[in-house]
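In this note's numbering, the protein residues as written are 5 to 424. Structure first, then comments.
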């Protein structure tokens with residue numbers, strides 16, 4: 005029997021190293037870092053869980069045994085006192101403190117030591133996301149050049165970043181479970197979809213296989229014969245023995261959290277060159293986009309309980325409600341088919357900054373979330389999204405909101421406006 009649908013609400017906590025000299029910190033930039041009152045705002049919604057950061061770079065910038073929990077402790081304890089279960093995240097689009105990186109051979113062991121320190125400080129925490137979206141972070145850092153170490157199409161570094169993060173998660177969960185044997189692993193990833201023209205069908209199939217890499221490597225599935233085996237061992241130069249050890253140490257997620265945004269689905273179009281034109285499918289598919297077939301396919305492939313772990317859209321108040329409403333209806337439709345989609349998470353509770361540029365530019369582009377984006381010294385105000393989340397947390401169905409920009413006939417014009 006599928007358990008009741010949990011409703012979550014969580015802050016955007018990215019602490020990313022953009023390049024060798026630049027870091028971005030969404031906890032600080034959204035003001036959440038300075039406001040303990042935000043915890044009660046979340047709890048007042050009646051949500052079941054909050055994905056909450058105890059980030060490596062911020063908590064133990066030098067050594068794990070020197071971790072400073074002065075910021076995290078009152079917040080996690082307040083959640084606990086309010087009856088809200090935290091899902092603790094240790095790395096969120098980061099690459100660790102200075103002196104390490106996603107491609108550092110010592111990264112897994114150093115990260116596991118930090119995980120042990122956090123678990124010892126909070127032994128009652130049962131749900132953990134050691135590393136958020138490890139595949140996404142590896143892609144952005146080693147294939148697209150967006151984030152440190154700012155490499156482009158460096159498949160060897162990509163393979164190393166993926167394997168390092170997998171080893172780090174395995175070792176971190178081992179250490180956490182030594183403290184709390186009941187600890188559960190939630191892996192999160194972008195729910196990617198690909199819509200190719202005929203020219204790029206084979207490439208799209210490679211990307212689909214790659215989109216499951218982080219979860220299947222943890223499940224011990226990357227063995228000879230797997231679609232990613234040849235790519236990892238040849239193009240990425242990952243040692244077969246290293247993959248074999250990961251298969252032996254398989255650490256399947258207890259819950260697979262999928263994050264879905266309007267740009268998660270991509271159209272791959274021919275432009276008469278060796279490379280394809282990669283655009284957001286929402287801008288070129290007449291029928292629009294939907295996570296339902298992607299979630300159904302993910303469950304059929306993996307067999308894991310799932311969550312829509314991040315639901316947020318860059319839009320006005322009504323559009324943010326519409327996006328959340330649609331994700332609730334997606335969850336209910338899949339649950340009615342017997343698919344264990346067990347949670348829906350509102351994201352960016354206190355807004356976010358500069359995600360239009362993936363944090364690479366300081367444009368001051370601010371988005372509201374469940375609450376308004378507010379300065380550090382000002383209490384965020386509720387938005388209509390907060391009312392909706394509270395309603396869903398009570399087990400009530402949402403109203404039907406008006407169409408969002410991703411459903412409008414004018415979305416092609418919007419694409420031009422945002423430079424898509």
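Just so you know, even glycine gets a beta-carbon here, dropped at the ideal spot from N, CA and C.
Reference residue i, options the options, closest by Cα
i	options	result
residue 257	211, 237, 74, 192	192
residue 349	34, 389, 178, 227	389
residue 9	107, 97, 401	401
residue 59	99, 250, 188	99
residue 290	133, 413, 89, 150	413
residue 187	212, 234, 122, 156	122
residue 397	161, 52, 232	52
residue 259	190, 222, 236	190
residue 217	139, 39, 144	139
residue 41	246, 375, 410	375
residue 47	82, 165, 351	82
residue 211	198, 33, 107	198
residue 54	246, 87, 360	87
residue 27	266, 360, 151, 80	151
residue 266	281, 360, 165	360
residue 364	102, 145, 45	145
residue 13	85, 403, 328	328
residue 345	351, 132, 308	308
residue 25	392, 102, 73, 7	102
residue 66	31, 114, 45	114
residue 213	399, 302, 333	302
Residue i and residue j closer than 7 Å at C-beta
i	j	result
residue 118	residue 92	no
residue 263	residue 314	yes
residue 298	residue 208	no
residue 268	residue 195	yes
residue 219	residue 251	no
residue 154	residue 23	yes
residue 90	residue 175	no
residue 168	residue 106	yes
residue 231	residue 237	no
residue 116	residue 179	yes
residue 229	residue 254	no
residue 408	residue 319	yes
residue 335	residue 38	no
residue 370	residue 377	yes
residue 94	residue 134	yes
residue 50	residue 394	yes
Other residues of its chain near residue i: CB distance less than 7 Å, five sequence neighbours each side excluded
i	result
residue 110	104
residue 240	159, 160, 162, 163
residue 337	296
residue 43	79, 82, 83
residue 63	71, 72, 73, 76
Close beta carbons around residue i, own chain, < 6 Å, minus the five adjacent residues each side
i	result
residue 15	36, 353, 354
residue 97	18, 20, 141
residue 420	Since pLDDT at residue 420 reaches only 47, below the 50 mark, its modelled position is unreliable, and the value read off the structure follows with that caveat. None.
residue 143	none
residue 29	19
residue 410	266, 286
residue 120	179
residue 385	376
residue 288	271
Secondary structure of residue i, DSSP reduced to three states
i	result
residue 261	strand
residue 328	helix
residue 1	With the chain running from 5 to 424 in the structure shown, residue 1 is simply not present.
residue 310	strand
residue 299	helix
residue 370	strand
residue 136	strand
residue 404	coil
residue 25	coil
residue 341	coil
residue 57	strand
residue 421	Because the pLDDT of residue 421 is 49, which lies under 50, any placement of that residue in the model is unreliable, and the question is left without a value.
residue 268	coil
residue 354	coil
residue 15	coil
residue 381	coil
residue 231	coil
residue 291	coil
Close-in-space but distant-in-sequence residues of the same chain around residue i (CB under 8 Å, 5 per side omitted)
i	result
residue 147	155, 156, 157, 158, 159, 162
residue 300	338, 341, 343
residue 331	264, 295, 312, 315, 348
residue 3	The displayed coordinates of the chain run from 5 to 424. Any statement about residue 3 would go beyond what the structure contains.
residue 292	286, 410, 411
residue 422	With a pLDDT of 46 at residue 422, under the threshold of 50, the predicted position of this residue should be treated as unreliable, though the coordinate-derived value follows. These residues qualify, in order along the chain: 360.
is_contact[residue i, chain B] using C-beta, thresh 7 Å
i	result
residue 95	Among the chains in the structure shown there is no chain B, since it carries only a single protein chain.
Report task. Examine the Cβ distances between the stretch 314-324 and the stretch 197-213 and report whether three or more of them are shorter than 8 Å. Result -> no
Requested in this report: Examine the Cβ distances between the stretch 168-184 and the stretch 120-127 and report whether three or more of them are shorter than 8 Å.
Outcome: yes
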